[in-house]
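Participant:
There are 2 protein chains.
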Amino acid sequence: MAGKNKYADLTPIMQPKSVAVIGASDKPGKVGTAILQNYLDVGFQGEIYPVNIAGYDKIMGLKAYRSILDVKRPVDLAVIAVPAEVSVKVLAECGKAKAKGVVVVTSGFAEVGNVKLQEQLAATARRYSLPVIGPNCLGVMDTRSRNDTLFLPTSKIARPKVGGVSFVSQSGSVGSSTLDLISDAGFGLSKFISYGNAAVVDEVDILNYLAHDDDTKVIVFYIEGARRGRELIEVAKKATRLKPVIIIKGGVTPMGAGAAHSHTASLAGSGEAYKSVFRQFGFITAETLEDLTYFAKIFDTQQLVTGKRIAILTNGGGHGVIATDALYNAGLQMASLSKETERTLRKGMPPIVNIRLPLDIGGDADSARFSAALDALSHDSNIDAILSIVLFQTPGADESVADSIINLASKKLKPLVVMSAGSEYTQSHVRLMEEAGIPVYDSPDVAARALKALIDYSRYKKGIL
Amino acid sequence: MAGKNKYADLTPIMQPKSVAVIGASDKPGKVGTAILQNYLDVGFQGEIYPVNIAGYDKIMGLKAYRSILDVKRPVDLAVIAVPAEVSVKVLAECGKAKAKGVVVVTSGFAEVGNVKLQEQLAATARRYSLPVIGPNCLGVMDTRSRNDTLFLPTSKIARPKVGGVSFVSQSGSVGSSTLDLISDAGFGLSKFISYGNAAVVDEVDILNYLAHDDDTKVIVFYIEGARRGRELIEVAKKATRLKPVIIIKGGVTPMGAGAAHSHTASLAGSGEAYKSVFRQFGFITAETLEDLTYFAKIFDTQQLVTGKRIAILTNGGGHGVIATDALYNAGLQMASLSKETERTLRKGMPPIVNIRLPLDIGGDADSARFSAALDALSHDSNIDAILSIVLFQTPGADESVADSIINLASKKLKPLVVMSAGSEYTQSHVRLMEEAGIPVYDSPDVAARALKALIDYSRYKKGIL
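Heads up: the sequence lines are chains A and B, in that order.
For the first sequence, the working numbering begins at 147 and goes up steadily by one.
For the second sequence, the working numbering begins at 147 and goes up steadily by one.
#1: Quick one: which unbroken alpha helix (DSSP H) runs of 4-plus residues sit fully inside the segment 462 to 492 of chain B? Chain order, please.
#2: My assumption, with CB atoms under 8 angstroms, is that SER319 (chain A) sits in contact with GLY462 (chain B). Please give the rounded CB distance.
#3: Examine chain D for any beta-carbon lying closer than 8 angstroms to the beta-carbon of PRO220 (chain A), and answer yes or no.
#4: Taking the Cβ atom as the reference point for each residue, do VAL232 (chain A) and VAL249 (chain A) lie within a distance shorter than 8 angstroms?
#5: Using the Cβ count rule (16 or more neighbours within 10 Å means buried), how would you classify GLY453 (chain B)?
#6: What residues of chain B sit near MET480 (chain A), judged by a beta carbon separation below 9 angstroms?
#7: Using the Cβ count rule (16 or more neighbours within 10 Å means buried), how would you classify ALA414 (chain B)?
#8: Assuming GLY375 (chain A) is part of the alpha helix (DSSP H), what are its boundary residues?
#9: Could you pull the start and end residues of the alpha helix (DSSP H) that GLU193 (chain B) belongs to?
#10: Give the interface partners of VAL459 (chain A) over in chain B, defined as CB-CB distance under 8 angstroms, in chain order.
#11: Please list the residues of the segment 586 to 605 of chain B that have a C-beta atom closer than 8 angstroms to any C-beta atom in chain A, keeping them in chain order.
#12: Assign GLU349 (chain B) to one of two classes, buried (16 or more other C-beta atoms within 10 Å of its C-beta) or exposed (fewer than that).
#13: What span of residues does the alpha helix (DSSP H) with PHE615 (chain A) cover, start to end?
#14: Return no unless some Cβ of chain B is closer than 8 angstroms to the Cβ of ASN475 (chain A).
#15: Applying a beta-carbon distance threshold of less than 8 angstroms, which residues of chain B neighbour ILE498 (chain A)?
#16: Using a Cβ-Cβ distance cut-off of 8 angstroms, determine whether SER574 (chain A) contacts chain B.
#17: At a CB-CB cut-off below 8 angstroms, which residues of chain B make contact with VAL398 (chain A)?
#18: So with Cβ pairs under 8 angstroms, would you call THR434 (chain A) a contact of chain B?
#19: Give the secondary structure of MET160 (chain A) by DSSP, where H, G and I count as helix, E and B as strand, and everything else as coil.
#20: Which residues of the segment 536 to 554 of chain A have a Cβ closer than 8 angstroms to any Cβ of chain B? Give them in chain order.
#21: So which residues on chain B does ILE303 (chain A) lean against when the C-beta distance must stay under 7 angstroms?
#22: Tell whether a beta-carbon distance below 8 angstroms holds between VAL314 (chain A) and TYR274 (chain A).
#23: Anything in chain A within Cβ reach of TYR368 (chain B), meaning under 8 angstroms, just list it in chain order.
#24: Taking the alpha helix (DSSP H) that VAL576 (chain A) falls in, what are its first and last residues?
#25: Nearest to PHE445 (chain A) by alpha carbon, out of A:VAL177, A:HIS407, A:TYR474 and A:LEU388?
#26: Report the residue from A:GLN448, A:ALA476 and A:LYS218 whose alpha carbon sits nearest the alpha carbon of LYS557 (chain A).
#27: To the nearest angstrom, how far is it from the Cα of THR612 (chain A) to the Cα of PRO496 (chain A)?
#28: Nearest CA to the CA of ILE205 (chain A): which residue from A:ALA170, A:GLU570, A:VAL564 and A:GLY466?
#29: Should the segment 538 to 553 of chain A be regarded as contacting the segment 470 to 489 of chain A, the criterion being three or more beta carbon pairs within less than 8 angstroms?
#30: For the segment 354 to 370 of chain A against the segment 291 to 305 of chain A, do three or more pairs of beta-carbon atoms, one drawn from each stretch, fall closer than 8 angstroms, so that the two count as touching?
#31: Between ASP526 (chain B) and LEU483 (chain B), how many whole angstroms is the CB-CB distance? I'm expecting something under 8 angstroms.
#32: Helix, strand or coil: which one does DSSP assign to ALA594 (chain B)?
#33: What does the alpha-carbon distance come out to for the pair SER336 (chain A) and SER513 (chain A)?
#34: Indicate whether ALA154 (chain A) and PRO277 (chain A) have their beta-carbon atoms separated by less than 8 angstroms.
#35: With a cut-off of 8 angstroms, do at least 3 Cβ pairs link the segment 195 to 205 of chain A to the segment 157 to 172 of chain A?
#36: Examine the Cβ distances between the segment 206 to 225 of chain A and the segment 318 to 332 of chain A and report whether three or more of them are shorter than 8 angstroms.
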């Protein structure tokens, strides 16, 4: 954003001690009603000031104000949910009231051709040096402080647990559906930011803020375009040294670029050029929306590793074959067992187990066999990371197999990912492993791509290209 | 199989009126116990004859026999679950008892180096002209007759509902996990065949049988190699004219081919060569295990279509962009609206909706707007198929939107697929749509690939290349 500082400080927006909800109401169906209700529902711990020009005494049991200027107490964050045509005036009042940050959820600006109104909004923000997220956005969420400006109820969008992944989306639909998916994705969230039209605060400010945010271990980004290309690169260079930044750009194909231009008026620019810049500055590029969350999971839980030699362990031969194809397609290598590991495995496995990678320990493998095999592979310096396939449909696979994998993974000897696919019985064990911090994928191909992303970023960070 | 007929008749194996379970027992943990228990649990309607050499009077309340020769009544299917070393003798007894088909689940044959024993088994089958599935397999399942030789309980592998997809797997692990996934995949199953070592009945027999099976609308195949290449092509040419055959071959990469050889001793042969042959004879090739089920869903429910002009309808702009990229990547085209459709939409949509494809009808779109838009697109002859993106996280999307899509889809005007991603609230609506025969995908990329598969096969069948 333009202003005194090069990049906006989003702390008052993300972790406010006090929030004014402007446009708050009791009336069902109003955005301001949904936002205030949500603040009460999610258990926000700071002060909440409902503001409505109609001059109610109380709204939802809280003392109400006609204007933020009437609050007369410090307001960190103002959430503006009033009609577009009065939003500029209301924003100016936020400036006068010395609010430290603003989220404008209201739509009806540049996205419907009201470019001038949006310029007035931005000029007002600049006049008061106010960091403003939006307009035309879902706003923000911080799982630790339970700051949550979303006007969509938890019945429609599940709220993820507290964690280290922060997710940023230019698109509201990608933001809301991905946020909803994250609640099932096997990792926790630190922050969510839907920044809409980016009239003031943009992707550069957000990336800079999250890069220096101690609660954020992994940054996940959906963008369609960036207006400040030079600054984005400047910030990206620093951010990707500090933590993994997983990114997907909508509109990377010629057909998609046309759609993106129509959607957010994002600058065209070839998708391939973007991708090449992304790679150069250490972004982790996802090719699909699903990979955003699949990749987040491995970076959230596993240590970095620069070697590409993967050991596949499986209790199903067919999956071993498919996973080997997947490793090859992802550009990874199958490791070779050291002589010592071969000896250990020969002693520890039944004679019918063929001591080579992929290591197929048989459809009757139980937790003892999984433990022995994983332990041997984890101590082999010829192996950089392990992909363990566990098919819980087999007779020997039960909760004790999940436990033995969790036990081995807790030693953090090497990056470990698990592939398991199936319905209820399988899913109950998948949840156990994911809660213990193991990334579990239902596809050998996804598991291989996630490992590749981990290794690529590790090599970038270590300067190995 | 060798024998009097060129291809084995699997009807007595798949839909037997009577079954002998040889090796049946009361003892927990035995394979024969699990199979008999399962026959009782799933409600098989035919006669069940437990056979055990120990000479029990009754097993699980059923009259038991020392040998199949003692049954003295017609036996369509004999399921052999006795130790490998006595299986040849038992198979000969099945031949003498004039059983019409046999499944040998027992392992300990060629897969562990016992090639000779497997040859004896095959020779015995030939002597009695007995179709034999296995050895070393899970066996078969037919949802209509509730014939189910699986020795894995329904608590580990959910059993899919009755439907038109038949799934065949050379690998037990791919078979069991995919079967388990199909119970959640939004379509029903006709038959499941895990054929293991293929000592007698092989993929050629099975493909021929399913091609002519009226209950099978779509065939899904996992193979690692084929021994009768010429016959496979001969049968494939006919089968793919009759119905879609979706196939994935394990071991298509140089690394994976090595693993496949070690797994099922399948002939090497380059993966690319296989794929090219597959394409030439009209197989629908899946690149991942997941695509097997994703593709099955669209073929099970949607009419064939040779045109590539797709209309994207969405209530989320970002997903419209991503889906447009996905169409392009899949080699499909974005349709252009006819003048008439443009006029209809301009009348039926609010002014902020941009009348172009992808058609973004807004985050506030309700069922009326979805209905009007879908109806207009469905009647436009410039459009070959529709991809409708429904994000149930948005304020306007609720059960009535699912209902309006179901209503439109029931008219079968054009192929229609839906993309919806999210947690519980979304999933409840996804289930409604899938139960109504609409293929729903949680990824724009998968939806685009599924449409591409549908179009490719349609063009093959119509001779458009």
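Note that CB positions come from ideal geometry on N, CA and C, so glycine has one too.
Facilitator: Working from what's here:
#1: 463 to 475
#2: 2 angstroms
#3: Looking for chain D here will not work: the only protein chains present are A and B.
#4: no
#5: buried
#6: MET401, GLY404 and ALA405
#7: Residue confidence for ALA414 (chain B) is low, a pLDDT of 48 falling below 50, so the modelled location carries little weight and cannot support an answer.
#8: 375 to 388
#9: It is not in any alpha helix (DSSP H) - GLU193 (chain B) instead sits in the beta strand (DSSP E) that spans 193 to 197.
#10: With the sequence shown as reference, residue 459 (chain A) is identified as Leu, and Val is not the correct amino acid for it. Near LEU459 (chain A) there are no residues of chain B at all, since even the closest Cβ is about 13 angstroms away, more than 8 angstroms.
#11: ASP588, SER589, PRO590 and ASP591
#12: buried
#13: Beyond the ends of chain A as shown, which are 147 and 611, falls residue 615 (chain A); an answer cannot be given.
#14: It does: the Cβ of ASN475 (chain A) has a partner Cβ on chain B nearer than 8 angstroms.
#15: VAL258
#16: no
#17: ASP471
#18: yes
#19: Residue state, collapsed to three classes: helix.
#20: LEU537, PHE538, GLN539, THR540 and PRO541
#21: Within chain B, the residues whose beta carbon sits less than 7 angstroms from that of ILE303 (chain A) are GLN539, listed in sequence order.
#22: no
#23: GLY464
#24: 570 to 581
#25: A:LEU388
#26: Nearest Cα to LYS557 (chain A) within the set A:GLN448, A:ALA476 and A:LYS218: A:GLN448.
#27: An answer regarding residue 612 (chain A) cannot be provided, because it is not within the stretch 147 to 611 covered by chain A.
#28: A:ALA170
#29: No, they do not touch.
#30: Contact between the segment 354 to 370 of chain A and the segment 291 to 305 of chain A is absent: fewer than 3 CB-CB pairs across the two stretches fall below 8 angstroms.
#31: 6 angstroms
#32: helix
#33: 35 angstroms
#34: yes
#35: yes
#36: no
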